[in-house]
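Protein chains in written order, with full-length UniProt numbering: chain A, 1 to 515; chain B, 1 to 422.
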């Protein structure tokens, strides 16, 4: 508001009326749509529908286990396969995870919600209907904040319309056997939460960051792994464009996006397509589109005319889900620290930069591990050892951080030994590799047992240095003659003689002294 | 279990004239009578002495109707007493597992065994509610003498006295009422004003739920799958499988149900029907003097914290103050068992240009359920007790007793009185 009034009063003094009204329009919109889109004529309206698989051990309405990448059709019960006479049994863990997600997103958990059947025929939907929450979802409202901590240059907020519990379908695989569709029901019946946002996003970057933020929040509270590549997070995006101060345009839905990068690319391409159509005088048809990665274009999947009537019907087998305030309070009290609070606190408490915090947060359990190891140690060192060395070494061996064999205690011992000069950084890295391979000893023990201790005894080092100098009179002459590079050679020789265990700093000092 | 009986193409109409096996090579004696639907096979098996008892499912009268036609006991418990796990679902909110036996004692015997809480059935009555229910005051607790029914109040719902009732049924109904009166019961005329809407409401709700529950029969994972080699269009696996696998009446109901759930119809049919259902439930709650345990718990959450004696005292007081009745007595069917020739569906009629009789025959079939449907809509227990033989055709006629939700013991009690005196 302040900007608007200042600019207009200033400009009134210097420019003509038309120009002022143009600036006014842009400035007004600067408050809501905070991007400076290239044409400044069009505004983009973006909404998201996110499906996140819940991190429960068993499915939403049956006791078969949830799975990822398991052999096909091994986690299917008679309920999942919709055999006659089967009935759904609600998994209360899924309800907990959904309530936690709602609370973490500042939503209002509905004390009474109910289940409905969304009906359509498809082979990967065994009962011919999906149990969802169409009329009364478990949570209404909520918001996601984006700011510098998330990588956005300005502040914005994305409102959440609702969160509902629903079942996932099985998988249809069309391209393995020609002429046939193979059905894998492992995923059928897995619990999902569908998170629907209001159309508050204005750029593809905002949309991408919203998804990232959502992933981060869901991972932190443990409701979902939120992994787009693995399929535990799926996003559909709604995009429309309109000229400023005209009503919202017709939107198109883009489905089957399996990474944030593709999501953002698809949005940008779709914005261009819609603007081009409108500028050519055509109308936008409401339809569902897919994204062709190779062509970098969206393409039609189906139009509104052929959209299915889902014949929503209240689920007669399940009574309404009734929660009481104590239950919700209990879950609220057990919520871990949310990403925004966590970022601020870690940066403040330990003085490590935002980038490091983000890398630590990207691994489930990363921050906890860091806070264990950082006790009585230099935080920056600990952060570096984790993010630069440990993560890299695990990744190279294809080990997920959740399976990390190096305890915080072990890592801490390595850092201690490096910091007080017992070993070089290189040796430290080697020790960590040993630990990853299964060595459960502390660094100090390993060093002792295998004599890896860095040579820091000045007298010893002086002796070795003198020896090296004496044994290589030619190089000595060369150095005295002015060839500076030979110094490094001498250092190398000393390191060689000591099998890399000499303290390089001391070696440098001593050689400088002697030479 | 000794065997399972054949049903006319799953959840058939009220008639049950054919089995799937018979190929109709020999003409059926057209004067033969039908066993009733849809648990006709079960009723026939019990009536003929093939077995001691038989299970069935009662969604709109499917146990009580054949029991009346075949002259055996057909008992439908309160919804939620017996687990539906394993019961092929037709209309989930109406389906009730029931029992067919030759006498009340046997029915009660089996009922006591199968009426247990089952965690696999989300609509199974929870243990806490069962305990509250059994603590509520009811007639059978206050009485121990089968010949002294002076504390009993019997309700005759006016709306059940319809013009289509045949005379033998009417007189048998009167005889049943007189019998109870002769033992000292107070006979009261009651009104269930929503009764006339119950039948159409049922025929909106049941097919709607059925269209949903039958969607899983697509031949993909089990059951019949169309042999697609002979078909032209490969994409129509579902269409061919389901057209071949379902009988005519079932297809009719699926289409009807699908229609009422479409976006344009949902508010006009389905929602209205649900409202009528609520009205039918309130009619019964008003008429009965024993409180409905489900509504009690909803309205007075403090009820859950009382012990059993306190519950008895509270409900006994409520019961004494009410002008309601303990049990309702009505006919089960409009007539005795229809003849086979009158019940064959249109696809078997030789003169296909007789379109008027076509419409009539379908609707007439539905009208047979008019007395049995309200108990399903309300979820209250009901029983068909064979009470006499028609003087015209010599076929059995049953009387229906209904009590408040959860009051099976009173139902068995009064059934025994009728049974001992038929």
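Beta carbons are placed, not taken as given, at the ideal position from N, Cα and C, and that holds for glycine.
Since the structure is predicted, the reported quantities are computational estimates derived from the model, not experimental observations.
(message) My output table needs one value for residue 372 of chain A: the three-state DSSP class, helix, strand or coil.
(response) Looking at residue 372 of chain A - three-state DSSP - the assignment turns out to be helix.
(message) Determine, for residue 81 of chain A, whether the minimum Cβ-Cβ distance to residues of chain B falls below 8 Å.
(response) Closer than 8 Å: yes.
(request) For the segment 173-245 of chain A, list the alpha helix (DSSP H) runs that are entirely contained and at least 4 residues long, ordered along the chain. (result) Counting only runs of 4 or more, we get 204-221.
(request) Below 8 Å between beta carbons is the criterion; list the residues of the segment 236-270 of chain B that meet it against any residue of chain A, in chain order. (result) 238, 258, 261, 262, 263, 266, 270
(message) Beta-carbon within less than 6 Å of residue 191 of chain B's beta-carbon, same chain only, minus the 5 sequence neighbours each way: which residues are those?
(response) Closer than 6 Å at Cβ, skipping near neighbours: 158.
(message) I'd like the list of long-range same chain contacts for residue 410 of chain B, defined as Cβ closer than 7 Å, with 5 residues on each side in sequence excluded.
(response) 138, 139, 140, 326, 327, 403
(request) Determine the closest residue to residue 407 of chain B out of B/114, B/380, B/320, B/194, with distance taken between C-alpha atoms. (result) B/380
(request) Excluding the 5 residues preceding and the 5 following residue 94 of chain A in the sequence, name in chain order all residues of the same chain whose CB lies nearer than 6 Å to its CB. (result) Correct list, in chain order: 54, 56, 60, 191.
(request) Would you mind reading off the limits of the beta strand (DSSP E) that contains residue 158 of chain A? (result) 156-167
(message) Across the segment 191-211 of chain A and the segment 38-50 of chain A, are there enough close Cβ pairs to call them in contact, namely three or more that are closer than 8 Å?
(response) yes
(request) Can you grab the Cα-Cα spacing for the pair residue 468 of chain A / residue 397 of chain A, in whole Å? (result) 39 Å
(request) Using three-state DSSP, classify residue 130 of chain A as helix, strand or coil. (result) strand
(request) Using the Cα positions of residue 29 of chain A and residue 221 of chain B, report the straight-line distance between them to the nearest angstrom. (result) Confidence in residue 29 of chain A is poor, its pLDDT being 35 and thus under 50, which makes the residue's placement unreliable; the coordinate value appears in the next sentence. Using only the alpha carbons, I get a separation of about 56 Å.
(request) On the DSSP bridge assignment, give the partners of residue 119 of chain A in chain order. (result) A/129
(message) Between the alpha carbons of residue 137 of chain A and residue 169 of chain A, how many angstroms are there, rounded?
(response) 19 Å
(message) Using a Cβ-Cβ distance cut-off of 8 Å, determine whether residue 361 of chain A contacts chain B.
(response) no
(message) Contact criterion: CB-CB distance below 8 Å. Does residue 36 of chain B meet it with respect to chain A?
(response) no
(message) Here's a check: name, in chain order, each residue in its chain whose Cβ is nearer than 8 Å to the Cβ of residue 90 of chain A, leaving out the five neighbours to either side.
(response) 60, 61, 318, 321
(request) Taking only the alpha-carbon atoms, compute the straight-line gap between residue 293 of chain A and residue 278 of chain A and give it to the nearest angstrom. (result) 24 Å
(request) Excluding the 5 residues preceding and the 5 following residue 37 of chain A in the sequence, name in chain order all residues of the same chain whose CB lies nearer than 6 Å to its CB. (result) With a pLDDT of 49 at residue 37 of chain A, under the threshold of 50, the predicted position of this residue should be treated as unreliable, though the coordinate-derived value follows. Around residue 37 of chain A: no qualifying Cβ.
(message) Using the Cβ count rule (16 or more neighbours within 10 Å means buried), how would you classify residue 66 of chain A?
(response) Buried.
(request) Put residue 88 of chain B into one of helix, strand or coil per three-state DSSP. (result) Residue 88 of chain B sits in coil when the DSSP states are folded into three classes, being neither helix nor strand.
(message) Taking the straight line between their C-alpha atoms, what separation do you get for residue 272 of chain A and residue 254 of chain A?
(response) 14 Å
(message) For the pair the segment 206-219 of chain B and the segment 253-272 of chain B, tell me if three or more CB-CB distances fall below 8 Å.
(response) yes
(request) For the segment 102-112 of chain B and the segment 269-281 of chain B, state whether three or more C-beta atom pairs, one from each stretch, are separated by less than 8 Å. (result) no
(request) Please say whether residue 87 of chain B and residue 128 of chain A have beta carbons closer to each other than 8 Å? (result) In this structure, the beta-carbon distance from residue 128 of chain A to residue 87 of chain B does not fall below 8 Å.
(request) Could you work out which residue in B/235, B/228, B/74, B/168 is closest to residue 104 of chain B when comparing CA atoms only? (result) B/74
(request) Reducing DSSP to helix, strand and coil, say where residue 341 of chain A ends up. (result) helix
(message) Checking the sheet assignment: what are the DSSP bridge partners for residue 50 of chain A?
(response) A/195, A/235
(message) Whole angstroms are fine: how far does the CA of residue 94 of chain B sit from the CA of residue 174 of chain A?
(response) 39 Å
(request) For residue 119 of chain B, count neighbouring C-beta atoms within 10 Å of its own C-beta (all shown protein chains included) and say buried if the count is 16 or more, exposed if not. (result) Residue burial annotation: residue 119 of chain B is exposed, with fewer than 16 other C-beta atoms found within 10 angstroms of its C-beta.
(request) Can you give me, in chain order, the residues of the UniProt domain "Asn/Gln amidotransferase" (368-515) of chain A that have a beta carbon less than 7 Å from any beta carbon in chain B? (result) none
(request) Please state whether DSSP places residue 408 of chain B in a helix, a strand or coil. (result) helix
(request) Could you tell me whether the segment 256-265 of chain A touches the segment 72-83 of chain A, using the rule of 3 or more Cβ pairs below 8 Å? (result) Contact between the segment 256-265 of chain A and the segment 72-83 of chain A is absent, because fewer than three Cβ pairs lie under 8 Å.
(request) Could you give the DSSP three-state label for residue 509 of chain A: helix, strand or coil? (result) helix
(message) Closer than 8 Å is the cut-off here; do at least three beta carbon pairs connect the segment 139-154 of chain A with the segment 366-373 of chain A?
(response) no
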